[in-house]
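Participant:
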Amino acid sequence: MTADDVTHLARLARLEISDADRDRYVGQLSVILDAVAVVSAVAADAPDAEPTTHAVPVTNVYREDVVRPGLTREAALAGAPEAQDGRFRVPQILGEEQ
Numbered sequence: 000m001t002a003d004d005v006t007h008l009a010r011l012a013r014l015e016i017s018d019a020d021r022d023r024y025v026g027q028l029s030v031i032l033d034a035v036a037v038v039s040a041v042a043a044d045a046p047d048a049e050p051t052t053h054a055v056p057v058t059n060v061y062r063e064d065v066v067r068p069g070l071t072r073e074a075a076l077a078g079a080p081e082a083q084d085g086r087f088r089v090p091q092i093l094g095e096e097q
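Quick note: the sequence shown uses numbering that gives the first Met the number 0, first residue 0, plus one each step.
Dropping the structure here:
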């Protein structure tokens, strides 16, 4: 990775970077690319290994979808500061008419 490469990447990403940042990014991006090369080499040595997202199997645990009674309208509105015509009453916004 060279300073010109970083300048080119910054231009493609529409980022403005200083010379000091560019020099710092040269080293950081070089380390990242070296790490990617190591992973790619390991992957090339094990073509039959299937890609995974976790080291151990992960399964989702879901509960059964059981219908249960919910709140009645009266129970829900019982805790409301204000109610009107069986609905929550909220302050007027954006100049709407009532």
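In this text, a Cβ means the ideal position worked out from N, Cα and C, and glycines have one as well.
Could you work out which residue in Ser39, Phe87 and Arg21 is closest to Ala74 when comparing CA atoms only?
Facilitator: Counting from 1 along the sequence shown, the entry for residue 74 is found at position 75. Nearest of Ser39, Phe87 and Arg21 to Ala74, Cα basis: Phe87.
Participant: Are Val41 and Arg21 closer than 8 Å when you measure CB to CB?
Facilitator: Working through the sequence shown from its first residue, we reach residue 41 at position 42. Working through the sequence shown from its first residue, we reach residue 21 at position 22. No; because the gap between Cβ atoms is not below 8 Å, this pair is not in contact.
Participant: Of all the options Gln27, Leu11 and Val55, which has the alpha carbon lying nearest to the alpha carbon of Thr1?
Facilitator: By one-based count along the sequence shown, residue 1 stands at place 2. Looking at the Cα atoms, Gln27 is the closest of the given residues.
Participant: Which residues share a DSSP beta bridge with Gln83?
Facilitator: For the purposes of this step, residue 83 is identified with residue 84 of the sequence shown, where counting begins at 1. In DSSP, Gln83 forms a bridge with Arg86.
Participant: Rounded to whole angstroms, what is the Cα-Cα separation between Glu15 and Val30?
Facilitator: Locating residue 15 in the sequence shown gives position 16, where the first residue counts as 1. Locating residue 30 in the sequence shown gives position 31, where the first residue counts as 1. One C-alpha to the other measures close to 22 Å.
Participant: Between Ala45 and Thr51, what straight-line distance do the alpha-carbon atoms span, to the nearest angstrom?
Facilitator: Stepping through the sequence shown from its first residue, residue 45 is reached at position 46. Stepping through the sequence shown from its first residue, residue 51 is reached at position 52. Ala45 and Thr51: Cα-Cα distance of roughly 13 Å.
Participant: Flag this pair as yes or no: are the beta carbons of Gly85 and Arg67 separated by less than 8 Å?
Facilitator: Counting from 1 along the sequence shown, the entry for residue 85 is found at position 86. Counting from 1 along the sequence shown, the entry for residue 67 is found at position 68. For Gly85 and Arg67, no; Cβs fall outside 8 Å.
Participant: Here's a check: name, in chain order, each residue in its chain whose Cβ is nearer than 7 Å to the Cβ of Leu32, leaving out the five neighbours to either side.
Facilitator: On the sequence shown, position 33 is the one that residue 32 refers to. Taken in chain order, the residues that qualify are Met0.
Participant: For Asn59 and His53, I'd like the C-alpha separation in whole angstroms.
Facilitator: Taking the sequence shown and counting its residues from 1, the one referred to as residue 59 is at position 60. Taking the sequence shown and counting its residues from 1, the one referred to as residue 53 is at position 54. Their backbone Cα atoms lie some 13 Å apart in a straight line.
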